[in-house]
Each structure stands twice: as structure tokens, then as C-alpha cells.
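Visitor:
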């Protein structure tokens, strides 16, 4: 099936994007990434501590993957822009996931600051994937600002609660021309499948894979679920009704005519 | 000389370049990016920049993240 997601000048075959946080080690992370066949992988940028020069995570990310540094830790647009520039200077391309969070309880993003950061970074030729609370007006502003996709949250980061924002995300899918990629909160493959059935272009999953008892098999499960959901979407998901509709003919019953 | 490295107050010797600082701290240059007084410094310039009083240096690298 020729069903390619084209973004930022790249062809993306696998619509399961994977985050690299919280894995118990880089080796199992690498196995999970390989098993899933992921084409897009996110990383974060942090200060390094003296004397603890840890291993380079990039060595454990398959070469074919598009690397998307996030701006986690940023509390406003200025900090996000600074992190994005540092990530670009590391020489791993010009993709960035903007993530600006001031709320430490729910980890919900600051949409206004996200728009501001998108405006600045779009002028510097970044391919921008903004993480946002699903809101149509803000999504439109992100489109105008130069985003390459819109990444609404399903539920709070790491909460594994699934697609609680479904109806708002559906509005984005219907109204926004850019790829809609649900990011955060998808705890089980069926949630990822549901997003894809709805018409999302992709999903981003981290915690549910990383903290599974067997992250490699969980990565495979998510990948299969994303494929299934996508296929169903392309096949045309039938409308639901509140009353029953027989699936067998209503003629030829074994009774007197 | 008093400088701030990764947000922490530290002292470095006079005539210390960024390259020497990185090597003294035992970092692998390929893994890291250096920001010097809020400006990103390309690796080939690390040896040319001498750290001065009250300079602010950030040394960062990639880690896991979603």
C-alpha cells in the first residue's frame, strides 16, 4: 500500500512516532525502535554533568530515523527557541517538537507561547511540530505561523489515559489541512488505533512503550495498531447508529407468508 | 576566575579555552553542544575562545525524551 506521510520534505512510511524517554536502557530502546520500524523518533536536550559523560543516545537510534529534538523544560517561547537552536547546532537536522509547559501538575502546554516560538523558528527553517492543547483557533494560528504539523494531546503526558480529547481532535482533523498527530497520553495500542481510525496522520507514543514489561513487543503492538487504524480510516469507517441494522436479508424467513 | 557552568558557580584557571574546559571535564566533544554567553559556539572555535570572568557556559547533550 503506497500510503506515505510527507512532511518537511521527507517521506514517512511508519505513522507511529516514538519518544525515547523512560526506557530502562538504551539497548532495549534500540530494540524497541527497530522492532516497531519507527521512522520518526524524539529526543530531549539536557545539561551534562561533569564527570558523568553518559553514552551517546544517538548511537542507539536507527540511522533511517528522523530525529526530532523536543524543547521540554522550556517554560516560554524564548527558552524553547534557545533549546531548538542548540539542538540544531548538534547537527542532527532541523526538525523540532515545540513543547512549552508551565503547568507542573498536568503538564499541559502553553498554546500562546507555542505559537510565538513557532513564528520565530519557522523563519529559521525549522520543521516544526508543535505540541498543543487541542483548540481550533490556536491550531489555525500555528498553521499561519509555519508549523509542519499539529500535535494535540490525547491526555496528560505519561498518564496513559488515552484519547480524552477526542471530539476536539476530530474538529482539528476536519478543519486543519496539516497532519494532525496525537501526542501524549496514549496508554494502549487500541487508543493509538482509535486515533488513526479518526483520521490522524500519525501518533507519538513514549511512556506506554518505554515502561511496558516488554517494550519491544509493546512497540510492535503499537505499530500494528497504528497500521490497522490507518487502514480502517482509508477503507472508510462506517457511521454509527443508535438503532440496530440487520446484516442478513429481511426476506425468506421460515414462516407462513 | 569565576564563571557559571550549567547554572552552577565554578572557578576556572586563567587562559582556559572552551576546548580545554571540555577536555578537563572529560566530555566527549561529539556528544555535546556548547553555548557561551547565550551564543552557540561551533566546535572548531572552541580552541579560540578564552573564558573570561563572569562568563556563562552551557554544555548540553541529547537524552531520552518524548
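Residue numbers (this note's numbering), protein chains in the order written: chain F, 1 to 257; chain B, 258 to 323.
For each residue, glycine too, the CB sits at the ideal point set by N, CA and C.
1) When DSSP labels each residue in this structure, what does residue 57 (chain F) get in the three-state scheme?
2) Report yes or no: do three or more beta-carbon pairs, one from the region 138–147 of chain F and one from the region 107–123 of chain F, lie closer than 8 Å?
3) Let me check understanding here. Comparing Cα to Cα, which of F:18, F:8, F:3 lies closest to residue 221 (chain F)?
4) Can you give me the Cβ contacts of residue 5 (chain F) inside the same chain, cut-off strictly under 7 Å, excluding the 5 residues immediately before and after it?
5) Terminal residues of the continuous beta strand (DSSP E) containing residue 318 (chain B)?
6) Would you please verify whether the beta carbon of residue 292 (chain B) is less than 8 Å from any beta carbon of chain F?
7) Using the three-state DSSP reduction, which class does residue 138 (chain F) fall into: helix, strand or coil?
8) Write down the C-beta distance between residue 99 (chain F) and residue 70 (chain F) rounded to the nearest angstrom, noting that I regard them as a contact closer than 8 Å.
9) Using beta carbons (cut-off 8 Å, strictly below), is residue 269 (chain B) in contact with chain F?
10) Name the DSSP beta bridge partners of residue 126 (chain F), please?
11) Identify, in the order they occur along the chain, each residue of the same chain with its Cβ nearer than 6 Å to the Cβ of residue 269 (chain B), setting aside the five sequence neighbours on each side.
12) Entirely within the region 172–245 of chain F and at least 4 residues each: give me those alpha helix (DSSP H) ranges in chain order.
13) Residue 216 (chain F) and residue 28 (chain F) - do their beta-carbons sit closer together than 8 Å?
14) Identify the continuous alpha helix (DSSP H) that holds residue 31 (chain F) and give its terminal residues.
15) Among residues of its own chain, excluding the 5 on either side of residue 286 (chain F), which ones have a beta-carbon nearer than 7 Å to its beta-carbon?
16) Between the region 167–183 of chain F and the region 150–157 of chain F, do three or more beta carbon pairs fall short of 8 Å?
17) Would you mind sorting residue 106 (chain F) into buried or exposed? The rule is 16 or more other CB atoms within 10 Å of its CB.
18) Taking only beta carbons into account, state which residues of the region 11–35 of chain F come closer than 9 Å to chain B, listed in chain order.
19) Can you list, in chain order, the residues of the region 277–302 of chain B whose Cβ is nearer than 8 Å to any Cβ on chain F?
20) Among residues of its own chain, excluding the 5 on either side of residue 209 (chain F), which ones have a beta-carbon nearer than 7 Å to its beta-carbon?
21) When the Cα of residue 110 (chain F) is compared with those of F:95, F:123, F:78, F:86, which residue comes out closest?
22) Any heavy atom of the ligand MN closer than 7 Å to the beta-carbon of residue 37 (chain F)?
23) Hey, would you say residue 316 (chain B) sits closer than 8 Å to residue 274 (chain B), going by beta carbons?
24) List the residues of chain B whose Cβ lies closer than 9 Å to the Cβ of residue 207 (chain F), in chain order.
25) Give the residues of chain B in contact with residue 251 (chain F), contact being defined as C-beta atoms less than 7 Å apart.
26) Can you name, in chain order, every residue of its own chain whose Cβ lies under 8 Å from the Cβ of residue 211 (chain F), other than the five neighbours on each side?
27) I need the straight-line Cα distance from residue 296 (chain B) to residue 92 (chain F), nearest angstrom please.
Guide: On the basis of the supplied data:
1) helix
2) Contact between the region 138–147 of chain F and the region 107–123 of chain F is present: three or more C-beta pairs spanning the two stretches fall below 8 Å.
3) F:18
4) Cβ within range, chain order: 12, 15, 179, 201, 202.
5) 313–321
6) yes
7) In this structure, residue 138 (chain F) counts as helix in the three-state DSSP scheme.
8) The C-beta distance from residue 99 (chain F) to residue 70 (chain F) rounds to 5 Å, short enough to meet the 8 Å contact threshold.
9) no
10) None; residue 126 (chain F) has no bridge partner.
11) 258, 260, 308
12) Annotation note: the region 172–245 of chain F contains the following uninterrupted alpha helix (DSSP H) runs of length 4 or greater, listed N- to C-terminal: 189–198, 207–210, 215–235.
13) yes
14) Where residue 31 (chain F) is concerned, the enclosing alpha helix (DSSP H) starts and stops at 26–36.
15) Within the shown structure, residues of chain F are numbered from 1 to 257, placing residue 286 (chain F) beyond reach of any answer.
16) yes
17) exposed
18) Cβ contacts with chain B come from 18, 19, 20, 21, 22, 23, 26, 29.
19) 282, 283, 284, 285, 287, 288, 289, 290, 292, 295, 297, 299
20) Excluding its 5 nearest sequence neighbours in each direction, residue 209 (chain F) has C-beta neighbours in its own chain below 7 Å: 18, 32, 215, 218, 219, 222, listed in chain order.
21) F:78
22) Ligands are entirely absent from the displayed structure, and the ligand MN is therefore not among its contents.
23) no
24) 323
25) What residue 251 (chain F) touches in chain B: nothing, since even the nearest Cβ is about 55 Å away.
26) 22
27) Distance from the CA of residue 296 (chain B) to the CA of residue 92 (chain F), rounded to the nearest whole angstrom, comes to 18 Å.
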